[in-house]
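Engineer: Please find one structure pasted underneath; my questions will follow.
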């Protein structure tokens with residue numbers, strides 16, 4: 006029996022109210038639960054005392070028995086100093102790029118840097134050859150043409 010500490014929604018439309026409950030993982034969100042350990046009301050101001058109420062002893066009891074808090078409940082429990090704040094990532098795991106795509110992007114970056122390094126050398130060679138081609142052409146223009 007896997008237990009979760011999660012939110013159970015109550016309240017009317019557009020006016021939510023949540024109970025913090027210990028429930029089986031397979032139980033419906035608003036369905037049967039083992040024990041109610043607190044409540045959370047997001048409609049009141051953050052500094053209001055009735056916004057979050059948690060029975061810390063019961064939460065610790067159920068966590069000792071193997072209950073795992075959901076991410077949102079973990080964040081709420083960190084506000085009342087029952088748990089440490091969860092690690093929040095800048096980029097979610099789901100949207101992170103895959104291994105193959107990362108490899109392809111790295112290869113493309115290496116090829117681009119290699120081309121960028123070769124380009125100045127090729128341009129210098131082309132300029133030198135262009136200067137060499139222009140010099141004989143100028144000399145040919147300066148020679149007098151024989152007249153008949």
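Residue numbers (our numbering): 6 to 153. Note that CB positions come from ideal geometry on N, CA and C, so glycine has one too.
Give the DSSP-derived three-state secondary structure of residue 100 in the structure shown.
Structural biologist: The residue given as residue 100 occupies position 95 in the chain shown. Three-state result, residue 100: coil.
Engineer: Identify whether residue 16 lies in helix, strand or coil by the three-state DSSP scheme.
Structural biologist: Your numbering for residue 16 matches position 11 in the chain shown. If DSSP states are grouped into helix, strand and coil, residue 16 belongs with the strands.
Engineer: Closest to residue 29 by CA distance: which of 23, 38 and 55 is it?
Structural biologist: For this step, residue 29 is matched to residue 24 along the chain shown. The residue with the shortest Cα to Cα distance from residue 29 is 38.
Engineer: Where are the alpha helix (DSSP H) runs, 4 residues long or more, that stay fully inside the segment 45–70, in chain order?
Structural biologist: Counting whole runs of 4 or more residues, the segment 45–70 contains the alpha helix (DSSP H) stretches 61–69.
Engineer: Between residue 40 and the rest of its own chain, which residues show a CB-CB distance below 6 Å, the 5 nearest in sequence each way excluded?
Structural biologist: Within the chain shown, the letter at position 35 stands for residue 40. Excluding residues within five positions, the ones whose Cβ falls inside 6 Å are 27.
Engineer: Between which two residues does the alpha helix (DSSP H) harbouring residue 76 extend?
Structural biologist: On the chain shown, residue 76 is found 71 positions in, with the first residue counted as 1. Residues 76–84.
Engineer: From the DSSP output, which residues share a beta bridge with residue 21?
Structural biologist: Here the question's residue 21 lines up with position 16 in the chain shown. Residue 21 pairs with 16.
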